[in-house]
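Peer 1: Take the sequence shown: its letters are residues 0 to 359, numbered as in numbering that gives the first Met the number 0. Even glycine gets a Cβ: it sits at the ideal position worked out from N, Cα and C. Can you keep this structure in mind? I'll have questions shortly.
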Amino acid sequence: MIHGRKGTGVLLVLGLAVMLGGCDPTPAAVDAASGDTRAAVHVMEVRIGAREERLRFPGTVRAKERVTPAFLHAGVLRERLVERGQRVEKGDPLALLHNPALPPALAIAGGQVKELDAHLVRLGRDVERARTLRGRNLIAEEELDRLVSEQEATAQAREQAVARRADAQAQVEEMTLKAPFDAAVTDLYVEPGDFVSAGQPVLALSGINGLEIEVRVPAMLGERLSAGMPVDIMPTLHETRFTGRIDTVGRADSALAPVIVSLDTDADAYLAPGESVQVHLAVPAAESLQVPLSSVLDPGGHAPYVLTLSEDDVVRRVPVVPGRLVDDWVAVAATLTPRDRVVTAGQGRLEEGDRVRVLP
């Protein structure tokens with residue numbers, strides 16, 4: 000029995016020895032065996048960032064043609080001929096204005112034109128008669144000249160009267176508000192019987208032919224945008240992607256600049272005025288240094304830094320100012336150059352001046 004127990008113990012020891020002999024040695028064991036006590040680290044090289052950055056801003060779809068029609072003269076809204084949501088065609092009447100001073104002015108101007116027409120007819124007969132008499136030497140030349148001058152002055156007065164009549168006619172026609180293009184009525188501001196000032200919006204129209212997107216961006220960014228730059232549009236209500244181009248970049252009010260984007264494709268069947276979208280811009284950017292995010296130590300503190308390696312693998316601490324993060328790479332302002340090596344793993348116990356071993 001004693002010999003059996005000893006035999007079993009020997010076998011167990013040999014089995015463990017075989018198992019341990021078949022396992023790979025740990026890095027520490029290798030270091031100990033080779034005498035290399037340097038800390039092992041992973042590194043990556045500093046790179047130059049892309050020359051453009053991708054930005055995303057919320058935008059709102061709207062009709063390309065929009066207007067809030069108004070009367071050119073004050074008066075009382077006599078009748079509104081449309082309702083909210085109604086579609087109208089170019090030239091359709093929208094509303095009627097009552098202004099008691101405009102029709103009489105047209106009547107007066109028309110009466111003046113008729114009176115001058117009759118006077119010109121009489122003067123024409125008088126001039127012809129005077130020419131006949133002058134040919135017979137029965138009247139003086141001065142009398143004929145007087146009649147001709149009066150005829151010319153009356154003709155000029157008639158032209159002025161015709162212009163006044165046309166102006167009065169236009170003012171009377173402007174008492175009927177008409178649609179300037181095919182559109183839908185989106186809002187109503189005045190009810191029949193209300194007094195309307197000159198230039199006061201009566202309703203709102205939104206065109207039905209073509210859409211655009213309005214985006215507001217920071218003023219500093221607006222200076223880097225220009226007409227014709229391509230954009231991607233992602234609606235928030237569905238996954239269809241559209242492309243477009245910047246149409247205009249407006250002047251910034253306070254801190255934001257309006258940017259108008261026109262769609263390259265026919266998106267009328269998918270988008271509607273008032274819908275929210277996300278507009279992706281590829282904005283030209285100045286070249287910048289980038290390091291892996293994992294190499295930045297104390298990124299949220301007051302003194303972030305990275306650890307770089309010299310040619311002989313000596314650690315150096317370099318302060319950085321982190322910037323924009325793109326795909327696990329962060330732009331930094333630092334005294335680094337492209338292809339400098341920064342430590343991305345194994346920084347835990349490293350101090351400046353330590354010599355390390357770089358793992359492949």
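1) What does DSSP give as the partner residue(s) for A183 in the beta ladder?
2) Classify L270 as helix, strand or coil using the three-state DSSP reduction.
3) Could you pull the DSSP bridge partners for F241 from this structure?
4) Using the beta-carbon count (16 or more within 10 Å), is D326 buried or exposed?
5) Alpha carbon to alpha carbon, how far is P359 from H2? Give it in angstroms, no decimals.
6) Tell me whether T307 is buried or exposed, calling it buried when 16 or more other Cβ atoms sit within 10 Å of its Cβ.
7) How far does the beta strand (DSSP E) with A167 in it reach, from first residue to last?
8) Suppose the cutoff is 6 Å on Cβ atoms and the five residues either side in sequence are ignored; what does the same chain contact list for V29 look like?
9) To test your reading of the DSSP string, which unbroken beta strand (DSSP E) runs of 3 or more residues are found completely within the segment 291-358?
10) Report yes if the C-beta distance between A183 and G84 is below 8 Å; otherwise report no.
11) Please report the Cβ distance between P234 and V276, rounded to the nearest whole angstrom; I am assuming they are in contact, meaning their Cβ atoms lie under 8 Å.
12) Under DSSP, the beta strand (DSSP E) around V258 begins and ends at which residues?
13) Once DSSP output is grouped into helix, strand and coil, what is the label at A106?
14) Smallest Cα separation from R323: which of G227, V258 and A332?
15) Hey, E78 and P191: beta-carbon distance below 8 Å or not?
16) Less than 8 Å between the CB atoms is what I'm expecting for E274 and L236, so what's the real figure, rounded?
17) Are there 16 or more other CB atoms within 10 angstroms of the CB of D23, so buried, or fewer, so exposed?
18) Judging by CA-CA distance, which residue of H41, A203 and H301 is the nearest neighbour of A69?
19) Between which two residues does the beta strand (DSSP E) carrying L210 extend?
20) From R163, E351, G345 and F194, pick the residue whose C-alpha is nearest to that of V313; which is it?
21) Please check the pair V195 and A226, which I expect to be a contact at CB under 8 Å, by giving their CB distance rounded to whole angstroms.
22) Alpha carbon to alpha carbon, what distance is there between E88 and V260?
23) How about V112 and A160: are their beta carbons less than 8 Å apart?
24) CB A39 to CB D353, shorter than 8 Å?
25) Quick one: what's got a C-beta closer than 6 Å to D263's C-beta in the same chain, skipping five residues either side?
26) Can you tell me the Cα-Cα spacing of R133 and A152, whole angstroms?
27) Can you give the Cα-Cα distance for P179 and G90, rounded to whole angstroms?
28) Measuring CB atoms only, is the segment 266-273 touching the segment 248-258, in the sense that at least three cross pairs come out at less than 8 Å?
29) What's the gap between the Cα of P99 and the Cα of V216?
30) Grouping DSSP H, G and I as helix and E and B as strand, with all else coil, what is D91?
31) Buried or exposed for V282, please, with buried defined as at least 16 other CB atoms from any protein chain shown within 10 angstroms of its CB.
32) With which residues is E51 paired in a DSSP beta bridge?
33) Alpha carbon to alpha carbon, what distance is there between P103 and I232?
34) Residues in its own chain within less than 7 Å of V368 by CB, not counting five upstream and five downstream?
Peer 2: Reading it off the structure:
1) R86 and S205
2) coil
3) I232
4) exposed
5) In this predicted model, H2 has a pLDDT of only 40, less than 50, meaning its place in the structure is not dependable; the value taken from the coordinates is given anyway. About 52 Å.
6) buried
7) Unbroken run through A167 is the alpha helix (DSSP H), E140 to E172; no beta strand (DSSP E).
8) Low confidence applies here, because V29 scores a pLDDT of 42, under 50, leaving its location unreliable and the question unanswered by this model.
9) 304-308, 314-318, 320-325, 328-332, 340-344 and 355-357
10) yes
11) 5 Å
12) L255 to L262
13) helix
14) A332
15) yes
16) 7 Å
17) Residue placement at D23 is poorly supported in this model, since its pLDDT is 35, which falls under 50; the coordinates are not used for a value here.
18) A203
19) L210 to P217
20) E351
21) The Cβ separation is near 38 Å, so there is no contact.
22) 26 Å
23) yes
24) no
25) T242 and G243
26) 21 Å
27) 6 Å
28) no
29) 49 Å
30) coil
31) exposed
32) P283
33) 56 Å
34) Nothing in the structure corresponds to residue 368, since the chain is present only between 0 and 359.
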